[in-house]
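If you read the sequence shown in the working numbering, its first letter stands for residue 1, the second for the next number, and so on. The structure appears below as structure tokens.
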Amino acid sequence: MPLVAAAVCPHPPLLVPEIAGAAASELDDLRAACDTAVAGLLDSGARSVLVIGAGDRRADLDYPFRGSFAPWGVPLEVRLGNHPDGSVGTDHLPLSLLVGAWLLGRRPAAGTGGIGWRMKTVGADESVKTCADLGARLGSNQPWALLVMGDGSACRGEKAPGYADSRAEAYDETVARALADADADALLGLDPDLSAQLRVAGRAPWQVLAGAARAAGGHWRGELRYHAAPYGVGYLVASWERQ
């Protein structure tokens with residue numbers, strides 16, 4: 001069965017209010033945009049949701065999933081899915097998937113009845129072809145949706161993690177247009193070398209999305225819900241729906 005919907009969200013730890021503390025309100029708009037995108041994903045009619053983000057390597061994670069924000073200073077545990085005996089399939093989720101699980105957990109359980117969960121990582125340095133091919137192979141035997149986790153450039157100013165790079169804003173604008181237009185070809189046109197230089201965490205996951213959307217076929221409608229760089233990092237939130 002085809003992919004029916006996708007949501008794109010960033011994964012800064014400060015998205016979690018318990019981590020942001022007194023500064024939590026600074027990302028209220030971003031948090032709300034993510035919540036809206038995730039709600040649309042879960043209301044799309046999909047019977048399963050696959051969460052994908054960048055990691056050290058490509059991997060299929062074992063269900064159910066658990067992770068903690070303890071490395072970021074708050075012992076907040078996140079779980080996605082449960083076995084009756086309480087066993088855990090995957091512990092120590094990478095940040096991208098940890099924030100993805102946290103976002104999904106903010107949705108009331110009653111609104112996600114019967115939805116199955118999957119999680120995968122894609123190597124941050126994978127080639128464009130590898131990412132697109134991976135996306136094309138992510139099918140399911142029932143309608144499914146994709147939650148794509150990834151930040152934009154981290155070089156948007158002198159206080160940014162990667163300092164200032166004059167190419168960063170244009171890069172993020174390109175991604176924003178591609179997400180708004182559900183333009184898979186534009187996402188596949190992102191250069192891995194430039195993305196690495198700009199410390200972009202979302203390039204590989206976005207290109208997995210592009211491969212999955214192309215494989216699903218049909219017409220896609222995109223909506224850009226957020227695009228800003230509050231801490232010198234490009235954060236983008238978008239929803240894609242198959243028409």
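Note that beta-carbon positions come from the ideal geometry of N, C-alpha and C, so glycine has one too. Small disclaimer: the values here were computed from a predicted structure and weren't measured.
7 angstroms Cβ cutoff met for residue i and residue j
| i | j | result |
| --- | --- | --- |
| Val208 | Leu134 | yes |
| Arg66 | Asp28 | no |
| Cys155 | Ala204 | no |
| Leu146 | Leu50 | yes |
| Ile19 | Trp72 | yes |
| Val74 | Ala46 | no |
| Trp206 | Ala6 | no |
| Leu30 | Tyr235 | yes |
| Gly157 | Gly218 | no |
| Gly222 | Ala186 | no |
| Ala168 | Leu198 | yes |
| Ala184 | Arg137 | no |
| Ser44 | Trp144 | no |
| Ala54 | Ala210 | no |
| Ala160 | Trp220 | no |
Candidates the options: closest to residue i by CA position
| i | options | result |
| --- | --- | --- |
| Leu103 | Pro10, Leu194, Leu138 and Ala54 | Pro10 |
| Gly81 | Ala170, Arg118 and His219 | Arg118 |
| Tyr171 | Asp151, Glu126 and Val51 | Asp151 |
| His227 | Arg177, Pro143 and Glu241 | Arg177 |
| Ser195 | His219, Gly218 and Asp165 | Asp165 |
| Lys120 | Arg167, Val175, Ile52 and Glu169 | Ile52 |
| Leu95 | Ala212, Val122, Val175 and Gly86 | Val122 |
| Ala70 | Val78, Pro64 and Lys159 | Val78 |
| Gly139 | Ala212, Asp62 and Tyr63 | Ala212 |
Status (buried if at least 16 other CB within 10 Å, exposed otherwise) for residue i
| i | result |
| --- | --- |
| Gly111 | Because Gly111 carries a pLDDT of 46, less than 50, the predicted location of this residue cannot be relied on, and no value is offered for it. |
| Ala229 | buried |
| Arg106 | exposed |
| Trp238 | The question names Trp, yet the displayed sequence has Ala at residue 238. Ala238 should be labelled buried. |
| Met1 | exposed |
| Ser25 | exposed |
| Arg225 | buried |
| Gly100 | buried |
| Val8 | buried |
| Trp57 | Residue identity differs from the one stated: residue 57 is Arg in this sequence, not Trp. That one is exposed. |
| Ala32 | exposed |
| Ala269 | Residue numbering for the chain in the displayed model covers 1 to 243; residue 269 lies beyond these limits and cannot be assessed. |
| Ala124 | buried |
| Ala22 | exposed |
Cβ separation of residue i and residue j, assumed to be a contact under 8 angstroms, to the nearest whole Å
| i | j | result |
| --- | --- | --- |
| Ser272 | Pro84 | This structure gives no information on residue 272, because the portion of the chain shown stretches from 1 to 243. |
| Leu76 | Met149 | About 17 angstroms; that fails the 8 angstroms criterion. |
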